[in-house]
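Visitor: This is the structure I have questions about; it appears just below.
Protein chains in written order, with my numbering: chain A, 5 to 565; chain B, 5 to 565.
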């Protein structure tokens, strides 16, 4: 444990070790049991005291879990699944009984949520949002002192684009036309090819847009959607909810999560042999959770493949601003297709964008859009209808989506501060990506590909056979078992690779790179000491002055090989 | 046409009449054709020029409308359906070619969207939202001059409830816990019975909450959801999208849209005979589009019925603040159930609330919640999972949902202005409801029940047999035909009753009562002159100084009886 071990750390290690070595070890709280059963987790969601919630009653509850929609039961969403529910329960324990667990707080690395850990929003964006929320202050003299001149000007521009300047009115089902104009102009500037505001559908984040496309395309379990493995679990969840079949294509870990067209061909053939009609191909670029950035030639091959096979190309491009290596650049699939000479009629293509990612990180604002090209008017009409059923996406999110596609420009009053804020965030993300990647690769039994983009790392962990057998006994995937033990011992929330998909027999976990975004120097990292079954978590950042080390799950003789 | 006819009106009538009498009549714009074909409407949604959009191409488009999910094709959403698409096309025509239609602007009465027509938001709510969007100004001296003291205090309170004060972070999947505490307290204060924050799921308006419940409950077309007829088309759309069966129960127009338990029993029996498992009962109170407010005894009967038959009670209570008659009061179904002695385990009950309605009318903010009681922990866990797949609802909407459930109180700095704003809106709504109801009832061939609550009137219109036959020829429901002609002649957008459901052989339309909210004296109204087939629209408000009359659809000899 070397120099990081302090008195406090020793105490924490003692607690952690006790609970890890002895499953019956009880601390001051009864909640410190090592594992939470699903029944116990379920109780977390109910308002009833646990001892009465299932009590018998004169009236039989009319609804049992077995009588629910089986598609809902089948759906899994790992990034907010069992691990996160357990984390929330532990967090409640910690609040109710401080000291009841061998850590002081929960470190959520399950999902990229930058502002939850102190990343500051871009000032200009928030100024504009505040002014649009409360336009009556726009004319007041105090406002000049509080807000930048260009934010005031932009707010006026946006209000003028909204019929009646009513930011509290339902908009057009696709979103406010003027904001779509701005977004289309932003896409044109990015790609160098025309974009049409009528192709833009503004949505509450990218997730509802993905659902909308799945709803449109999936008729039955005989319809397949091609997804990368590993994939972001939104796709598997949405396909399950809509009753389709996820057709996997494997990214090649050995070549930095490469996407090979030969693999696509092989898997498409296999799916067709099973009677599956593959309708669309999901590509996530930059990759989530894998962090690779596709080469342009690779993108061309994918476009050609979709064209030839008649697949709708669903391009998840929400990390388009998150690129960390100088040798890679983001190219939208639309730009690639257009540069190949394919026009609107040649290939059906949907590009998803979100305000939650990039340097903006405005997850809670739920803004996003999809750009829909290459569909017939009749199909488009159906997309419009589905969008209409929810009336419109939230206007603040719509405004923010227009802002991220048209930030301040050179010469604007806010430009310098905007650029500094943006650059600070992106530089810090790049540094942390590299730090974490190096830290993970320095560990015996852990390998991690280069983080070229996005916000996550997806290291492979070699687990001892005995640990795998223990997991089987507990009816958990080995990496889920690992993640639960990691959480119980350290408070760190990672998502097991099995939630994303992985080559059978390999085990991974996904970790958001920014969980200690408050510091710009280190990410948490793991260091193995001596043996494969002893991993040390050095949380040097969150407790900078009193560094401590925590023994994490594999330091448990019961599962040591 | 009496005294309202002016020179300008005559010209407009001439135009309108010409186009009504002669389907080949062309005005300066080619867009003034009397009806828009669905192909033409479809073109509205595409970016392609109409003459090339369907041109043949080397590559066959892989996706045709016939190959889409049939549930999507089946889904209809009348309040933003064909009529609204036509209205948008006409609006574009008017912009491109002013004078191309016999009206100057489109009057959207299809949906309650108060701020789109100038209803001002509650100042206190917007102050708090702006401060939460841009919290860095909270400490600045200028802010004291711009914002009320209690809005600043409330913003601090809310920020303190958000982990890291991060309004740009994803929240808990059910919404920010502190805001759910506030909402639960608001429900308790409203009902006099306990409410649990763990029962609250914050959503982007009420619509996604309704979808979530349908997704949970519907397994196949053999599962039925009981809905009032007429109903708000969200329900029929959502049931269609999820592949279930809408089981109708008819509200009794003769008794003010009464909901009779005998009718429920009859329809339940009929559905069961057809092999339908009825899983839930939707009640909309106050009624949409029918405007009735249920009597408490009636609510008790409904609760008892659901309990006895094992139905989930889905209570759409989004108009709870919109009651216009002194003899009626809003009682939540949860309050009614609890006052009958039924606890959490006795009846599964979901109450939907939204920030879009009431006196707040914040449709564009997409805030809302559902309060979920009486489900087993296992079922609750599934609801939580589905909520998690979209991560969380937008934070501004969440904040607003907490504000509408805990507005300023007596003694707060903002209370007087808040009360005046609220009272002004509700008083004006009540006056307009009465004015419109009286105006409609004064027309021969039109009958309209009392508008006790909500925001719409749903008059019955007796259509001439010849008009019905013309509609059949055009393959339109007679009331849809009426609505299209009304729109083409006057620019007024109403929704045909067939989009909501109605007793076969009766015809209605739904009109938002607030379309002229800018005035507090009159709503648009119809006046019949001499004969059933001549209806005069007296738009005395929007053109107050140059009153004019427009002959609306039925004044067409081609469809006169």
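Built from N, CA and C at the ideal position, the CB exists for glycine as well. Just so we're clear, the structure is a prediction, and the values are computed from it rather than from any experiment.
Name the one or two DSSP bridge partners that residue 461(B) has.
Guide: Residue 461(B) pairs with 515(B).
Visitor: Tell me whether residue 469(B) is buried or exposed, calling it buried when 16 or more other Cβ atoms sit within 10 Å of its Cβ.
Guide: The residue in question, residue 469(B), is exposed, as its Cβ has fewer than 16 Cβ neighbours within 10 Å.
Visitor: Could you pull out every residue in the same chain whose Cβ sits closer than 7 Å to the Cβ of residue 211(A), ignoring the five residues on either side in sequence?
Guide: Excluding sequence neighbours, residue 211(A) sits near 238.
Visitor: Quick one: which unbroken alpha helix (DSSP H) runs of 4-plus residues sit fully inside the region 153 to 216 of chain B? Chain order, please.
Guide: Taking only runs of at least 4 residues, the alpha helix (DSSP H) segments lying wholly in the region 153 to 216 of chain B are 153 to 165 and 181 to 195.
Visitor: Tell whether a beta-carbon distance below 7 Å holds between residue 284(B) and residue 322(B).
Guide: In this structure, residue 322(B) does not lie closer than 7 Å to residue 284(B) by Cβ.
Visitor: Hey, how far is the Cα of residue 420(A) from the Cα of residue 256(A)?
Guide: Using only the alpha carbons, I get a separation of about 41 Å.
Visitor: Determine which residues share a DSSP beta bridge with residue 357(A) and list them.
Guide: In the DSSP output, where bridge partners are listed per residue, residue 357(A) has 373(A).
Visitor: What does residue 229(B) touch in chain A if you count any residue whose Cβ is under 7 Å from its own?
Guide: Those within 7 Å of residue 229(B) in chain A number zero; the least Cβ separation is about 12 Å.
Visitor: Quick check on residue 251(B) - is its C-beta less than 7 Å from some C-beta in chain A?
Guide: For residue 251(B), the answer is no, since every Cβ of chain A falls outside 7 Å of its Cβ.
Visitor: Can you have a look at residue 414(A) and say buried or exposed, based on whether 16 or more other CB atoms are within 10 angstroms of its CB?
Guide: Result: exposed.
Visitor: Roughly how many whole angstroms lie between the Cα atoms of residue 506(A) and residue 274(A)?
Guide: So the two alpha carbons sit approximately 18 Å from each other.
Visitor: So if DSSP puts residue 256(A) in a beta bridge, which residue, or which two residues, is it bridged to?
Guide: In the DSSP output, where bridge partners are listed per residue, residue 256(A) has 262(A).
Visitor: Tell me which residues of the region 128 to 141 of chain A have at least one Cβ-Cβ distance to chain B shorter than 7 Å, keeping chain order.
Guide: Cβ contacts with chain B come from 130, 131, 133, 134, 137, 138 and 141.
Visitor: In angstroms with no decimal places, state the Cα-to-Cα distance between residue 393(B) and residue 453(B).
Guide: Whole-angstrom Cα-Cα distance: 42 Å.
Visitor: Pull up the distance between the alpha-carbon of residue 337(A) and that of residue 512(A), whole angstroms please.
Guide: Rounded to whole angstroms, residue 337(A) to residue 512(A) spans 29 Å at the Cα level.
Visitor: Run down chain B in chain order and give the residues with a C-beta less than 8 Å from the C-beta of residue 321(A).
Guide: Within chain B, no residue comes near residue 321(A); the closest Cβ sits about 18 Å away, beyond 8 Å.
Visitor: When the Cβ atoms of the region 435 to 449 of chain B are set against those of the region 483 to 499 of chain B, are three or more pairs found closer than 8 Å?
Guide: No, the region 435 to 449 of chain B does not touch the region 483 to 499 of chain B.
Visitor: Would a check of beta-carbon distances place residue 195(B) closer than 7 Å to chain A?
Guide: With 7 Å as the cut-off, residue 195(B) does not count as an interface residue toward chain A.
Visitor: So, does the region 120 to 132 of chain B touch the region 150 to 157 of chain B, judging by three or more C-beta pairs under 8 Å?
Guide: Touching, yes, given that three or more Cβ pairs across the two stretches are closer than 8 Å.
Visitor: Do the region 262 to 269 of chain B and the region 192 to 205 of chain B touch if we need at least three Cβ pairs shorter than 8 Å?
Guide: Verdict: no, contact absent.
Visitor: Would you mind sorting residue 330(B) into buried or exposed? The rule is 16 or more other CB atoms within 10 Å of its CB.
Guide: Exposed, because fewer than 16 other Cβ atoms sit within 10 Å of the Cβ of residue 330(B).
Visitor: Rounded to the nearest angstrom, what separates residue 304(A) and residue 417(A) at their Cα positions?
Guide: Cα-Cα distance, rounded: 40 Å.
Visitor: Less than 7 Å between CB atoms is the rule here; does residue 422(A) satisfy it with respect to chain B?
Guide: Answer no: the Cβ-Cβ gap between residue 422(A) and chain B never drops below 7 Å.
Visitor: Helix, strand or coil: how does DSSP classify residue 451(B) here?
Guide: Residue 451(B) falls in the strand class under three-state DSSP.
Visitor: Which of the three DSSP states is assigned to residue 428(A) in this structure?
Guide: DSSP places residue 428(A) in helix when its eight states are reduced to three.
Visitor: Check whether the Cβ of residue 474(A) lies closer than 7 Å to any Cβ atom in chain B.
Guide: Not one chain B Cβ lies under 7 Å of residue 474(A).
Visitor: Return the Cβ separation of residue 484(A) and residue 500(A) in integer angstroms, given the expectation that the two are a contact with Cβ distance under 8 Å.
Guide: Going by Cβ atoms, the distance from residue 484(A) to residue 500(A) rounds to 4 Å, so yes, they are a contact pair.
Visitor: Reducing DSSP to helix, strand and coil, say where residue 140(A) ends up.
Guide: Note: residue 140(A) maps to helix in three-state DSSP.
Visitor: From residue 306(A) to residue 220(A), what distance separates their C-alpha atoms?
Guide: Near 22 Å, if we compare the C-alpha coordinates of residue 220(A) and residue 306(A).
Visitor: Please tell me whether residue 244(B) and residue 438(B) are closer than 7 Å, where the distance is taken between their beta carbons.
Guide: Against a cut-off of 7 Å, the Cβ pair of residue 438(B) and residue 244(B) comes out as no contact.
Visitor: Applying a beta-carbon distance threshold of less than 7 Å, which residues of chain A neighbour residue 573(B)?
Guide: Given that chain B is displayed from residue 5 to residue 565, the structure contains no residue 573(B) and the question cannot be resolved.
Visitor: Buried or exposed: which applies to residue 424(A), given that a residue is buried once 16 or more other Cβ atoms fall within 10 Å of its Cβ?
Guide: Exposed.
Visitor: Apply the 10 Å Cβ neighbour rule to residue 249(A) and answer buried if 16 or more other Cβ atoms are within range, or exposed otherwise.
Guide: Buried is the call here.
Visitor: If we ignore side chains and look at the alpha-carbon of each, how far apart do residue 477(A) and residue 486(A) end up?
Guide: Cα to Cα, the separation comes out at about 13 Å.
Visitor: Is any heavy atom in the ligand FAD found nearer than 6 Å to the beta carbon of residue 139(A)?
Guide: Ligands in the displayed structure: none, and consequently the ligand FAD is not present.
Visitor: Against chain B, does residue 223(A) count as a neighbour if the rule is that its beta carbon must be under 7 Å from one of theirs?
Guide: Output row for residue 223(A): interface = yes.
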